[in-house]
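Here is the structure we will look at, set down as structure tokens.
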Amino acid sequence: MAKEIKKKNQTYRSTLRLISKVFQPLSILHPREAHLQTSCAPRLNMRWSLVALWPLPSLCLFLLVGACPQERHAAYDVDPGNSTKALFRRVRTGPGGGTDGSTVTTSQVFLIDSGDGGCASQEALLDGWLNEATELHDAITTAYADYQTNLGARILWFTFFGIMPGPDNSVDLNRQDTANAWANIGDHLSRVTQFLSGSGLRDPQISGENPRLFCSGDAGIPQDWGQPIKDKNGNEVVSEKDPDTGLPVAYLTLNEAFLAIKRQWADSYPFWMPAFNGYAFDNMDPTTMCPDKVIDADGKQGVRAASTTKPWPLKHVDKDDIEFDLGQSNRIVILCPRAFSPQVLHSAPSLAQAVSADRYPAAGSSDESIYLDRLVPQSATLYHEIYHLTDNSNTPDTAYSLDKIIAAGCAAGAALATTSHNPESFIYMAMAAYMLLNAPEGKTPVMYNGAAPMAAPPR
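With my numbering, you'll find the sequence shown wraps up at 1795, consecutive numbering, no jumps.
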């Protein structure tokens, strides 16, 4: 994998040299353009204002073919016209954010269970993860708010989301794909901000109740579709009684009660959730909610690290004169064993280590241990799931690996809109912003617009 990343970085640098050769005779490239080891050249036949990335007086037309590698809420509505100026300054989280300078704990934003699959024994660790998620979120929302005034932030937003700048250094809202993507990004960020500040979910399934967090697949007991369904008290629902004895002779099955699910998602599997006496559904493995063989968004087989699911919203069942209530819950996040013992992705011990004086990367370093995807901490798995948790549209993952995420930044139109909903794109953007904004005293800030660090441009 490291060789692939190095090869891609060489491709990025070659692209930059090609850009320089094309435009140097016209004397329109600023000398600091050498800093921009761009992840992909601007999109095909696209008029782009270089003044938005570098202080230049003119517009340039890039014609580099194939250069790319590979409900609303009043308090948080995103107005693309002013979102970079005020939104996140009002709702900042993280150290020193909010109203009292403190961060919330896991038990303040999640329901933590002590039963099978519960997280009661992991709360101290999860509190640390939640704090790091808040710090990452503080970095990305700062980069969002400072888009117009921070050159490094503009480059990062282009790298990971394809956000195009306009002539005045603000987001180019005249480009419909950019405007739509920027609004989507702002909406996701504000939803996560709301949750991390302790204000819960937008439009929750159960008003006033926090979502649930589990720490293994043992939270769900696999069920067969032919099994009797249970009500909110955990009792099997009787569908027929012996007229003489009054004893049950038949039970309503999951297949009968959840016929709509079976029709819509033929490959879904039911799990009984004792924590709330209700059901959750998964489409990977009928035997566990933490399978060790899953196909990710990049088409690679791996072990599930985490998942977020929304329990079936059916609360009251009235079928063939049989009436009963199902146990209800807001969304559920399950952290699987792999989240606590990662192999590659999200495997760095902590954020603090990444920006420590003896570990902060040097610009231009070829040390693969400080490549961006090696710096993302274990806590990022929880942060990733919080994007799923706060997204009412159940948007699926579309890319995991750094190279695919950077390639997605080259997209346009509907493809760019898809990228603006991808949780892992937010993770890499947040990590890159964190590194840019948190250089130790005496260290040169670095910027990641690829796998390796480069010197950050002046603001």
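Cβ atoms here follow ideal geometry from the backbone N, Cα and C, with glycine treated the same way.
Review point. Are the CB atoms of ILE1668 and PRO1647 nearer to each other than 8 Å?
Key: yes
Check your understanding: Is it the case that the Cβ atoms of VAL1798 and TYR1483 are separated by a distance below 8 Å?
Key -> The chain is shown from 1337 up to 1795; residue 1798 falls before or after that span and cannot be answered.
Check your understanding: Less than 8 Å separating the beta-carbons of PRO1558 and PHE1612?
Key -> no
Review point. Looking only at DSSP bridge pairs, what is TYR1605 linked to?
Key: ASP1618
Point to revise | Pair within 8 Å by beta-carbon distance, ALA1517 and GLY1498 | key: Here ALA1517 is near GLY1498, since their CB atoms are less than 8 Å apart.
Check your understanding: Any chance the CB of TYR1707 is under 7 Å from a heavy atom of the ligand GTP?
Key -> With respect to small molecules bound, the structure shown includes none, and the ligand GTP cannot be examined in it.
Check your understanding: Okay, do the stretch 1442 to 1460 and the stretch 1469 to 1476 touch, 3+ Cβ pairs below 8 Å being the bar?
Key -> no
Exercise for review: Can you say whether ALA1769 is buried or exposed, counting buried as having 16 or more other CB atoms within 10 angstroms of its CB?
Suggested key: buried
Review point. Cβ of LEU1492 within 8 Å of Cβ of MET1765?
Key: With contacts defined as CB atoms closer than 8 Å, LEU1492 and MET1765 qualify as a contacting pair.
Check your understanding: Start and end of the beta strand (DSSP E) containing SER1575?
Key -> 1574 to 1577
**Study point:** Nonlocal neighbours in the same chain, by C-beta distance under 6 Å from THR1754, ignoring five residues either side
**Key:** THR1734
Exercise for review: Evaluate the contact criterion for the stretch 1780 to 1789 versus the stretch 1689 to 1703: three or more CB pairs, one atom per stretch, below 8 Å.
Suggested key: Counting Cβ pairs under 8 Å, three or more are found: they touch.
Practice item. In the DSSP assignment, find the unbroken beta strand (DSSP E) run with TYR1587 in it and report its ends. Key: 1584 to 1587
Exercise for review: Kindly confirm or deny that the stretch 1679 to 1695 and the stretch 1705 to 1718 touch, where touching means at least three C-beta pairs closer than 8 Å.
Suggested key: yes
Practice item. Determine the contact status of GLY1556 and MET1625, defining contact as a CB-CB distance below 8 Å. Key: yes
Exercise for review: From the DSSP output, in three-state form, read off ALA1633 for me.
Suggested key: coil
Point to revise | Alpha-carbon spacing of ALA1479 relative to VAL1528, whole angstroms | key: 15 Å
Practice item. Please classify SER1702: does DSSP put it in a helix, a strand, or coil? Key: Of the three classes helix, strand and coil, the one that applies to SER1702 here is coil, per DSSP.
Point to revise | Pairwise C-alpha distance: ARG1538 and ILE1476 | key: 21 Å
Exercise for review: Within 10 angstroms of the Cβ of ARG1548, are there 16 or more other Cβ atoms? Answer buried if so, exposed if not.
Suggested key: buried
Practice item. With a 10 Å radius around its C-beta and 16 neighbouring C-beta atoms as the bar for buried, classify GLU1760 as buried or exposed. Key: buried
Review point. From ASP1580 to GLU1659, what does the alpha carbon distance come to, in whole angstroms?
Key: 22 Å
Point to revise | Start-to-end residues for the alpha helix (DSSP H) that takes in ASP1796 | key: In this structure the chain extends from 1337 to 1795, so residue 1796 is not present and cannot be described.
Check your understanding: Exposed or buried, which one is THR1714 when buried takes at least 16 other CB atoms within 10 Å?
Key -> According to the sequence shown, residue 1714 is Gln rather than Thr. Its Cβ being crowded by 16 or more others within 10 Å, GLN1714 is buried.
Exercise for review: Say whether the stretch 1560 to 1570 touches the stretch 1582 to 1593, bearing in mind that this needs 3 or more beta-carbon pairs closer than 8 Å, one atom from each stretch.
Suggested key: Contact annotation: the stretch 1560 to 1570 touches the stretch 1582 to 1593, with at least three C-beta pairs closer than 8 Å.
Check your understanding: For ALA1602 versus THR1645, is the C-beta spacing smaller than 8 Å?
Key -> no
Check your understanding: Thinking C-alpha only, which one of TYR1784, GLY1749, ALA1633 is nearest ALA1515?
Key -> Nearest of TYR1784, GLY1749, ALA1633 to ALA1515, Cα basis: GLY1749.
Exercise for review: Within 10 angstroms of the Cβ of PRO1781, are there 16 or more other Cβ atoms? Answer buried if so, exposed if not.
Suggested key: Result: buried.
Review point. Is PHE1494 near GLY1745, with beta carbons less than 8 Å apart?
Key: yes
Review point. Are there 16 or more other CB atoms within 10 angstroms of the CB of LEU1423, so buried, or fewer, so exposed?
Key: With a pLDDT of only 36 at LEU1423, under the threshold of 50, the placement of this residue in the model should not be trusted; the figure read from the coordinates follows. By the 10 Å Cβ count, LEU1423 comes out buried.
Review point. What is the DSSP secondary structure of ASP1554, reduced to helix, strand or coil?
Key: The answer is helix: DSSP assigns ASP1554 an H, G or I state.
Check your understanding: Quick one: what does DSSP say ASP1694 is sitting in, helix, strand or coil?
Key -> Three-state result, ASP1694: coil.
Point to revise | HIS1720 versus ASN1785: straight-line alpha-carbon distance, rounded | key: For HIS1720 and ASN1785, the gap between their C-alpha atoms comes out near 20 Å.
Practice item. Report all residues from its chain with a CB closer than 6 Å to the CB of ALA1633; omit the five preceding and five following residues, and keep chain order. Key: ASP1733, THR1734, ALA1735, TYR1736
Exercise for review: Give me the Cβ distance between ASN1666 and GLU1592, rounded to the nearest whole Å; I'm assuming they're in contact under 8 Å.
Suggested key: Incorrect: roughly 26 Å between the Cβ atoms, too far for contact.
**Study point:** Identity of the residues DSSP links to ILE1670 by a beta bridge
**Key:** PHE1550, SER1643
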